[in-house]
Amino acid sequence: MNTIDAHDITLMATLLADGIKAAEVAEKFEITIKDVLAAVYPDLPAPGLYVKRLNRGQAITGEFGIEKRCPKCTDFHPATAEFWHHCHKNTDGFHWWCKACECERKPRAKRATNQTTHREISL
Ligand SMILES: [Zn+2]
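Residue numbers (the numbering used here): 1 to 123.
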């Protein structure tokens, strides 16, 4: 089978949501895992990158779509702007850490900057 129609995409999305691995779905439809991801998640930047992440256990597919693993809290969060800050430097367009971890880190970084400023003023 070479062409994927809307019905196939719906079916693939259902299988992934049911917890079937992307590799198995790809095998069933005789297409690559990258093609499965690109068809089911058209908004996903760099589907090729997510193939590698799925293989390494750094991403999963499921009822919440494709989820990326945060190396800080080790939790999986949907690969959307709701859970990840945008970062143009990264291939997938999202920050390395999830929003929650980034927000936890930021006040500390800000405090350090403020201390520097106070020291500079007192000099
Ligand atoms: Zn996190």
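The beta carbon of each residue, even a glycine, is placed where N, CA and C say it ideally should be.
Three-state secondary structure assigned by DSSP to residue i
i: T74; result: coil
i: E27; result: helix
i: V20; result: Just to set this straight, residue 20 is Ile in the shown sequence, not Val. Three-state DSSP puts I20 in coil, outside helix and strand.
i: T3; result: coil
i: T14; result: helix
Burial state of residue i, where buried means 16 or more other Cβ atoms lie within 10 Å
i: K68; result: buried
i: P47; result: buried
i: H77; result: buried
i: T74; result: exposed
i: R105; result: exposed
i: R56; result: exposed
i: A6; result: exposed
For the region 42-109, list the beta strand (DSSP E) runs that are entirely contained and at least 3 residues long, ordered along the chain.
59-62, 65-69 and 76-78
Three or more C-beta pairs under 8 Å: does that hold for the region 86-103 against the region 27-40?
No: fewer than three Cβ pairs fall under 8 Å.
For the region 1-14 and the region 45-60, state whether three or more C-beta atom pairs, one from each stretch, are separated by less than 8 Å.
no
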